[in-house]
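What follows is one structure encoded as structure tokens, with my remarks underneath.
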Amino acid sequence: MSGKPRLHYFDGRGRMEPIRWLLAAAGVEFEESYMEKNADLKKLQRDGSLLFQQVPMVEMDGMKLVQTRAIANYISTKYNLYGKDLKERTLIDMYVEGMFDLNELLMTYEIQPADKKEQHFANMMDKTESRYFSVFEKVLKDHGKDFLVGNQLSRADVQLLEIILMIEEWKPEMFAKFPLLQSFKARISNIPTIKKFLQPGSQRKPPSDDDAVDKVMKIFYS
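In the UniProt record's numbering, the protein residues as written are 1 to 222.
So this is what it looks like as structure tokens:
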């Protein structure tokens, strides 16, 4: 295997979207192979491509990488998005682990039963505001720099921007309470590689609709 990284997943956000964001921020072109049906997943499992029988999987540098955090760690280290020393890396890890927790909460919204969605949404937005965005607003205030950690772009910045934009799709008025996050969003969005990824026609995925959710359920559970 050589050339561009190849991403194996369904045609949607899910756990692959943070990986797409990191590659895009690093200026790395990548290709994608989409699973369309359960048989596509089964084929990857049978041919030994999936170490733990799960996607996402990224073919890169002669390896078949699985587990979202491991893939993100590898990309971040390779492309200098992981801080300058152990202390910075540990701060980045702490912030990113919080973002992964929040992202899991956001992803589960789409699969809630209809009668539970309103309650889940309210809980999700409350936690976003009180447990996560308030923390990152304080981090930016205390750090006093353009980035969450150190003086250069890291995976923490990239993945926070991704989540900010997701929340903005649902509840843009939330950001009135977080002026530093507003400034952060504008600043990081204008980094050339990220600005390119935010343009129409990029490999960034749109929000899921009911049809997309149904298709994903058939891939994994049929």
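Every residue gets a Cβ at the ideal spot worked out from N, C-alpha and C, and that includes glycine. Keep in mind it's a predicted model, so treat the numbers as computed, not measured.
Separation of residue j from residue i, as counted between CA atoms
i, j, result
"Glu97", "Asn103", "10 Å"
"Lys177", "Ser202", "30 Å"
"Gly83", "Val216", "35 Å"
"Ser134", "Pro18", "21 Å"
"Ser49", "Met174", "42 Å"
"Leu41", "Gly144", "46 Å"
Residue i in three-state terms, based on DSSP
i, result
"Met35", "coil"
"Arg20", "helix"
"Leu65", "strand"
"Glu59", "strand"
"Arg46", "helix"
"Leu7", "strand"
"Ser130", "helix"
Close-in-space but distant-in-sequence residues of the same chain around residue i (CB under 7 Å, 5 per side omitted)
i, result
"Ala156", "Ile92, Tyr95, Val96, Leu148 and Val149"
"Gln54", "Val66"
"Lys141", "Leu180"
CA nearest to the CA of residue i, picked from the options
i, options, result
"Met125", "Ala72, Leu105, Phe220 and Val55", "Leu105"
"Val213", "Ala186, Gly12, Glu168 and Lys127", "Gly12"
"Tyr79", "Leu23, Met57, Lys42 and Trp170", "Leu23"
"Gln152", "Val66, Ala26 and Ile219", "Ala26"
"Val28", "Pro192, Arg89 and Pro172", "Pro192"
"Val58", "Lys196, Ile75 and Leu81", "Ile75"
"Leu161", "Arg187, Arg6 and Lys145", "Arg187"
Sequence-distant residues of its chain with Cβ nearer than 6 Å to residue i (five each side left out)
i, result
"Gly3", "none"
"Lys171", "Met125"
Own chain residues within Cβ distance below 8 Å of residue i, not counting five before or after
i, result
"Asp211", "none"
"Ser154", "Ser76, Leu81, Tyr82, Gly83, Glu88, Ile92, Phe147 and Leu148"
Inter-stretch contact at 8 Å, needing at least 3 Cβ pairs: the segment 26-33 / the segment 121-139: no
Counting beta carbon pairs with one atom in the segment 67-78 and one in the segment 127-144, are three or more of them shorter than 8 Å? no
Could you tell me whether the segment 179-190 touches the segment 105-114, where touching means 3 or more Cβ pairs closer than 8 Å? no
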